[in-house]
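Asks: Provided herewith is a single structure, encoded as structure tokens, for subsequent inquiry.
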Amino acid sequence: MTELTPREKAILDILIGTYVTTGEPVGSRTISKMDLGLSAATIRNSMVDLEEKGYLYQPHTSAGRVPSDKGYRYYVDMLMNREELAEAAQRSIRDSVERLREGNADDLLVQVSKVLADVSHNLGIALGPQFIQGIFERLEMLKLSESKLLMVMTIRSGLVKTMVVEIDSEIEGDELEETRRVVNQRLSGLTIGEIMASVKERLASASSGSPKLLHLLANSADHLFRFPSSADLHMDGTRNFFGLPDFSSERLAGLIGMLEAREYVAHLLSDRARDAGISITIGDEHESPALKDCSLLTSTYSVGNVSGVIGIIGPTRLPYGRLVPLVQYMANLTEEMLDRR
Numbered sequence: 023m024t025e026l027t028p029r030e031k032a033i034l035d036i037l038i039g040t041y042v043t044t045g046e047p048v049g050s051r052t053i054s055k056m057d058l059g060l061s062a063a064t065i066r067n068s069m070v071d072l073e074e075k076g077y078l079y080q081p082h083t084s085a086g087r088v089p090s091d092k093g094y095r096y097y098v099d100m101l102m103n104r105e106e107l108a109e110a111a112q113r114s115i116r117d118s119v120e121r122l123r124e125g126n127a128d129d130l131l132v133q134v135s136k137v138l139a140d141v142s143h144n145l146g147i148a149l150g151p152q153f154i155q156g157i158f159e160r161l162e163m164l165k166l167s168e169s170k171l172l173m174v175m176t177i178r179s180g181l182v183k184t185m186v187v188e189i190d191s192e193i194e195g196d197e198l199e200e201t202r203r204v205v206n207q208r209l210s211g212l213t214i215g216e217i218m219a220s221v222k223e224r225l226a227s228a229s230s231g232s233p234k235l236l237h238l239l240a241n242s243a244d245h246l247f248r249f250p251s252s253a254d255l256h257m258d259g260t261r262n263f264f265g266l267p268d269f270s271s272e273r274l275a276g277l278i279g280m281l282e283a284r285e286y287v288a289h290l291l292s293d294r295a296r297d298a299g300i301s302i303t304i305g306d307e308h309e310s311p312a313l314k315d316c317s318l319l320t321s322t323y324s325v326g327n328v329s330g331v332i333g334i335i336g337p338t339r340l341p342y343g344r345l346v347p348l349v350q351y352m353a354n355l356t357e358e359m360l361d362r363r
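Residue numbers (my numbering): 23 to 363.
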């Protein structure tokens with residue numbers, strides 16, 4: 023990334039702050055009123071230099087400039103000042119989330135996405151803890167009928183997955199117990215991802231237990247051991263996109279279509295769950311054309327050794343310095359609330 027002079031940094035900082043607030047291209051005369059001690063002509067020359075370096079561009083025939091994706095990236099990495107989240111805002115957010123302290127994790131994440139949408143005036147998103155990262159602790163099996171088994175899988179963070187499995191022949195109680203013992207002995211301590219990659223080999227050589235049930239477990243690993251991440255995705259605030267000048271009707275339709283399909287967003291957030299902390303991607307940094315006019319600001323949260331993701335999707339014209347502390351606070355609060363359960 024091209025290094026900027028102190029003057030160029032100051033001008034880019036002010037221009038982005040002004041554009042984020044107004045949504046209108048910013049001219050040199052506007053910046054000259056900002057106490058920089060520079061004439062409009064000097065500022066205009068620096069803006070031309072910033073444009074030539076790719077940090078600004080001039081839309082249509084407007085006399086003003088707007089930030090490019092490269093400009094926003096430089097701002098986020100080098101210039102952004104994080105604002106403090108006011109104590110009153112923290113109390114209000116905590117009160118909104120703590121109302122659901124008796125509900126389940128999904129209820130909490132639904133509320134987190136709603137609060138993020140309401141406070142940021144963008145799209146709030148929350149992805150539940152990603153089961154695939156968890157360490158398998160044990161599998162319990164309970165016979166419901168001659169053809170149905172209840173399986174309860176627990177991982178070390180305390181997350182539990184419950185499923186009903188159809189079987190084509192009756193299994194006796196002692197055979198069921200021996201199968202459970204074999205499975206737990208061979209899989210305990212592995213991550214769910216490791217199990218999915220190797221469960222056939224790990225169970226194939228078992229000399230005790232029900233061969234049919236072991237075969238079922240080995241060949242149904244994708245269904246049994248995977249949580250569908252799109253089912254764990256909660257979003258709120260699509261309404262906030264309507265009326266924004268940042269999106270043409272065509273771009274907005276593409277964005278809404280992608281959000282409704284859910285899978286891409288779930289996959290994108292699931293990838294981010296692997297790296298702790300705040301992550302910001304801007305415009306063309308996204309692979310999907312539907313996100314070319316958007317920024318995605320996320321933070322991970324952890325429950326035991328498993329991570330989830332919360333965050334915001336909005337136009338690239340986001341007030342990053344205000345929203346980063348909001349997302350970080352929400353991630354910490356989500357973690358705290360889930361740890362209490």
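Note that beta-carbon positions come from the ideal geometry of N, C-alpha and C, so glycine has one too. Remember, predicted model here, so these are calculated numbers, not experimental data.
Can you find the residues in the same chain that come closer than 6 Å, C-beta to C-beta, to Arg344, ignoring five residues on each side of it along the sequence?
Replies: Taken in chain order, the residues that qualify are Glu105.
Asks: Where in the stretch 141 to 199 do unbroken runs of the alpha helix (DSSP H), each at least 4 residues long, occur, reported from the N-terminal end onward?
Replies: Listed in chain order, there is nothing to give.
Asks: Could you tell me the alpha carbon to alpha carbon distance between Leu172 and Ser321, rounded to whole angstroms?
Replies: About 35 Å.
Asks: Under DSSP, the beta strand (DSSP E) around Asp258 begins and ends at which residues?
Replies: Note, Asp258: beta strand (DSSP E), 255 to 258.
Asks: For a test of the three-state rule: what should DSSP assign to Leu78, helix, strand or coil?
Replies: Strand, per DSSP.
Asks: Under the three-state reduction of DSSP, which class applies to Thr303: helix, strand or coil?
Replies: Three-state result, Thr303: strand.
Asks: Could you tell me how far apart the beta carbons of Val137 and Gly146 are, in whole angstroms, since I believe they sit closer than 8 Å?
Replies: Correct: roughly 7 Å between the Cβ atoms.
Asks: Measuring only the C-alpha atoms, how far is Gly45 from Asp254?
Replies: For Gly45 and Asp254, the distance between alpha carbons rounds to 34 Å.
Asks: Between which two residues does the alpha helix (DSSP H) carrying Pro28 extend?
Replies: Element bounds for Pro28: 28 to 44.
Asks: To the nearest angstrom, how far is it from the Cα of Gln350 to the Cα of Ala298?
Replies: Roughly 11 Å between the two C-alpha positions.
Asks: Leu212 by DSSP, collapsed to three states: which one?
Replies: Three-state result, Leu212: coil.
Asks: Does the separation of the CB atoms of Glu73 and Arg87 fall below 8 Å?
Replies: Yes. Within cutoff.
Asks: Assign Pro311 to buried or exposed, taking buried as 16 or more other Cβ atoms, counted over all protein chains shown, within 10 Å of its Cβ.
Replies: Exposed.
Asks: Going by alpha carbons, who is nearest to Glu27 out of Met100, Ser54, His82, Asn262?
Replies: Rather than Glu, the amino acid found at residue 27 in this sequence is Thr. The option with the nearest alpha carbon to Thr27 is Met100.
Asks: Threshold first: 3 residues or longer. Then list the beta strand (DSSP E) segments lying entirely within the stretch 302 to 361, N to C.
Replies: DSSP runs (the beta strand (DSSP E)) wholly in the stretch 302 to 361: 316 to 325, 328 to 337.
Asks: Following the continuous alpha helix (DSSP H) through Ala283, name the residue where it begins and the one where it ends.
Replies: Counting along the chain, the alpha helix (DSSP H) containing Ala283 begins and ends at 271 to 283.
Asks: If you reduce the DSSP assignment to three classes, tell me which class Pro47 lands in.
Replies: Three-state result, Pro47: coil.
Asks: Nearest by alpha-carbon distance to Met367: which of Ile38, Leu238, Ala243, Leu236 is it?
Replies: Since the first and last residues shown for the chain are 23 and 363, residue 367 lies out of range.
Asks: With the cut-off set at 8 Å, would you say Leu198 and Lys165 are in Cβ contact?
Replies: A contact, by the Cβ cut-off of 8 Å.
Asks: DSSP beta-bridge partners for Arg87?
Replies: Answer is Val48, bridged to Arg87.
Asks: Starting from Val119, trace the alpha helix (DSSP H) in both directions and tell me its first and last residue.
Replies: Per DSSP, Val119 belongs to the alpha helix (DSSP H) from 109 to 120.
Asks: For Ser232 and Leu181, what's the separation of their Cα atoms in angstroms?
Replies: If you take the alpha carbons of Ser232 and Leu181, they lie about 27 Å apart.
Asks: Taking the straight line between their C-alpha atoms, what separation do you get for Ile334 and Asn103?
Replies: Taking the straight line joining both Cα atoms gives about 18 Å.
Asks: Would you say Pro233 faces chain B, with C-beta separation under 8 Å as the test?
Replies: The displayed structure is made up of one protein chain only, and chain B is not part of it.
Asks: For Phe263, count the other beta carbons within 10 Å of its own beta carbon; 16 or more makes it buried, fewer makes it exposed. Which is it?
Replies: That one is buried.
Asks: Given a cut-off of 8 Å, decide if Phe153 and Leu209 are closer than it, judged by their beta-carbon atoms.
Replies: Not a contact, by the Cβ cut-off of 8 Å.
Asks: Where do the N-terminal and C-terminal ends of the alpha helix (DSSP H) with Asn103 fall, by residue?
Replies: Here Asn103 belongs to no alpha helix (DSSP H), and DSSP marks it neither H nor E.
Asks: State the Cα-Cα distance for the pair Leu130 and Ser68, rounded to the nearest angstrom.
Replies: The straight-line gap from Cα to Cα measures roughly 48 Å.
Asks: Express the C-alpha separation of Ser54 and Glu357 in angstroms, rounding to a whole number.
Replies: Taking the straight line from one Cα to the other gives about 45 Å.
Asks: Out of Val205, Ser169, Thr201, Ile177, which one is the CA nearest neighbour of Glu192?
Replies: Closest by alpha carbon: Ser169.
Asks: Please report the distance separating the alpha-carbon of Ser142 from that of Ser118.
Replies: Whole-angstrom Cα-Cα distance: 15 Å.
Asks: Grab the span of the alpha helix (DSSP H) containing Asn126 for me, first residue to last.
Replies: Counting along the chain, Asn126 falls outside any alpha helix (DSSP H), and DSSP gives it neither H nor E.
Asks: For the alpha helix (DSSP H) that Ala240 lies in, which residues bound it at each end?
Replies: Element bounds for Ala240: 233 to 241.
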